[in-house]
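Residue numbers (the numbering used here): 48 to 401.
Heads up, the beta-carbon is just placed ideally off N, CA and C, and yes, glycines get one too.
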Amino acid sequence: MGGSTGSAGAGGLELTRYEGFPSNLLDVAAPDLWQHIPGPSLFDIPGRNPEPLFVSVLLHGNEDTGWTAIQEILKKHGANPLPRRMLLFVGNIEAAKANVRTLDTQADYNRSWPGTRYPEAREAALIRHVVEVVAAEKPFASIDIHNNTGNNPHYACLNVLDERFLHLARLFSRTVVYFTRPVGVQSAAMAKVCPAVTVECGVPGSPSATEHAAEFVEAALALDHFPEHPVPEQDVDLLRTAVILRVPPDASFSYGDQDADFRFIAELDRLNFSELEPGTKLGELGNAGDRRLAVIPGGEMDADVEGYIEYDNGGIYLARPAIPAMLTLDPRAVRLDCLGYLMHRIDRQGRPVE
Ligand SMILES: [Zn+2]
48 MGGSTGSAGA GGLELTRYEG FPSNLLDVAA PDLWQHIPGP SLFDIPGRNP
98 EPLFVSVLLH GNEDTGWTAI QEILKKHGAN PLPRRMLLFV GNIEAAKANV
148 RTLDTQADYN RSWPGTRYPE AREAALIRHV VEVVAAEKPF ASIDIHNNTG
198 NNPHYACLNV LDERFLHLAR LFSRTVVYFT RPVGVQSAAM AKVCPAVTVE
248 CGVPGSPSAT EHAAEFVEAA LALDHFPEHP VPEQDVDLLR TAVILRVPPD
298 ASFSYGDQDA DFRFIAELDR LNFSELEPGT KLGELGNAGD RRLAVIPGGE
348 MDADVEGYIE YDNGGIYLAR PAIPAMLTLD PRAVRLDCLG YLMHRIDRQG
398 RPVE
């Protein structure tokens, strides 16, 4: 079904719009999409309930779970309509072709949404256009699907502590992370339009991740309305990003034995989502031993970023109790994004709970 209804210019990057979903895309792998669609595309897929669910996939080119989940859902439904209309944005197919998050020549598709620090980028112009089109359709909810590097459970993220957002997140996972930085992300922009979450589905290429993401999108499509009652306290593990850890761009780093300014422990990503005590060792300082990690506030309320990491006798230690996420062993992810995050448990008002 369906066909292209033409493109609209957006600062040099075109958005192609489709009525329906061409069935020849059902078996195309993300790296091959460029052979079938001209660029970033918005598919308007009909469903019984006309109030659409907005879903974005491949904002990062090498994170394919969202795309494979949508293929699975559409194959399963075949000629039968979805329970709810879906607006599907397929983002960075150029980066997907190269199997990278973002090309060196591009702005990051998940740092380019309204609120971005780089509003003049052509990607930001494209995405402003996407938001305009989608917002005009008054979506029921919004879902952005990602993968990450390193050892992480599947979890949902939101940017507003609202019960509807929590109900949506809870359809995916009991682990829910609240964050306000980085800015320019899909779920923060869409939160101004409708309940919005980002879901993190572990490493790319996993069939069980595809299945989980597909079940989640199906559940959201089938949801008639958000429940009136709050999500029960015991049904959700709510966490808040306190700080973002970065390696300074001019510093070197390694995992294990090789000398570098920062020598992180070999299994750094095994620490993700565990409750760590002060004194937990993250690595050692190498070379002259004079470099320090950049510790950046993860939200506007966290001014005391200094106390999180301490250096003692060449060792790099956690100095406060914290729960890390996204600590990665992928050097490219460290350079392009960050080393990882440190989080705390919070209550529904965003206050830390011990
Ligand atoms: Zn991503």
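When DSSP labels each residue in this structure, what does residue i get in the three-state scheme?
i: residue 394; result: coil
i: residue 88; result: strand
i: residue 141; result: helix
i: residue 359; result: strand
i: residue 113; result: helix
i: residue 406; result: Not covered by the structure: residue 406. The range shown for the chain is 48 to 401.
i: residue 229; result: coil
i: residue 61; result: coil
i: residue 243; result: strand
i: residue 218; result: coil
i: residue 34; result: The structure shown does not extend to residue 34, since the chain spans only 48 to 401, so no value can be given for it.
i: residue 73; result: coil
i: residue 399; result: strand
i: residue 253; result: coil
i: residue 336; result: coil
i: residue 56; result: Here residue 56 scores only 48 on pLDDT, less than 50, and its place in the model should not be relied on; the value that follows carries that caveat. Three-state DSSP puts residue 56 in coil, outside helix and strand.
i: residue 47; result: The requested residue 47 is not part of the displayed model; the chain covers only 48 to 401.
i: residue 67; result: coil
i: residue 108; result: coil
i: residue 314; result: coil
i: residue 83; result: coil
i: residue 98; result: strand
i: residue 258; result: helix
i: residue 326; result: coil
i: residue 103; result: strand
Taking C-beta to C-beta, are residue i and residue j nearer than 9 Å?
i: residue 355; j: residue 338; result: no
i: residue 108; j: residue 143; result: yes
i: residue 291; j: residue 345; result: yes
i: residue 140; j: residue 70; result: no
i: residue 396; j: residue 215; result: no
i: residue 225; j: residue 317; result: no
i: residue 273; j: residue 242; result: yes
i: residue 379; j: residue 148; result: yes
i: residue 231; j: residue 158; result: yes
i: residue 174; j: residue 129; result: no
i: residue 361; j: residue 332; result: yes
i: residue 99; j: residue 184; result: yes
i: residue 116; j: residue 261; result: yes
i: residue 106; j: residue 305; result: no
i: residue 249; j: residue 206; result: no
i: residue 289; j: residue 245; result: no
i: residue 104; j: residue 138; result: yes
i: residue 127; j: residue 319; result: no
i: residue 121; j: residue 60; result: no
i: residue 282; j: residue 96; result: no
i: residue 150; j: residue 114; result: no
i: residue 112; j: residue 200; result: no
Between the Cα of residue i and the Cα atoms of the options, which residue gives the shortest distance?
i: residue 325; options: 225, 301 and 359; result: 359
i: residue 222; options: 385, 196, 242 and 247; result: 247
i: residue 176; options: 187, 315 and 237; result: 237
i: residue 402; options: 343, 308 and 114; result: Residue numbering for the chain in the displayed model covers 48 to 401; residue 402 lies beyond these limits and cannot be assessed.
i: residue 190; options: 122, 218, 197 and 321; result: 218
i: residue 182; options: 239, 78 and 283; result: 239
i: residue 62; options: 72, 74 and 86; result: 86
i: residue 403; options: 67, 282, 196 and 342; result: Outside the displayed range of the chain (48 to 401) lies residue 403, so it cannot be described from this structure.
i: residue 383; options: 134, 211, 155 and 327; result: 155
i: residue 259; options: 192, 377, 72 and 206; result: 192
i: residue 269; options: 90, 188, 300 and 113; result: 188
i: residue 385; options: 321, 300 and 394; result: 300
i: residue 363; options: 371, 312, 400 and 145; result: 312
i: residue 293; options: 167, 340 and 320; result: 340
i: residue 64; options: 72, 114 and 84; result: 84
i: residue 388; options: 375, 400 and 394; result: 375
i: residue 275; options: 212, 281, 315 and 82; result: 212
i: residue 266; options: 79, 133 and 377; result: 133
i: residue 135; options: 302, 167, 101 and 163; result: 101
- prompt: Can you list, in chain order, the stretches of the alpha helix (DSSP H) that have 4 or more residues and sit fully within the region 271–309?
  reply: none
- prompt: What is the chain-ordered set of residues for which the beta carbon lies under 6 Å from any non-hydrogen atom of ligand 1?
  reply: 107, 110, 157 and 193
task: Only counting runs of 3 or more residues, tell me where the beta strand (DSSP E) segments fall wholly within the region 362–390, in order along the chain.
output: 362–365 and 370–372
Every unbroken alpha helix (DSSP H) within the region 129–216, with a cutoff of 4 residues, ordered by chain: 140–144 and 169–183
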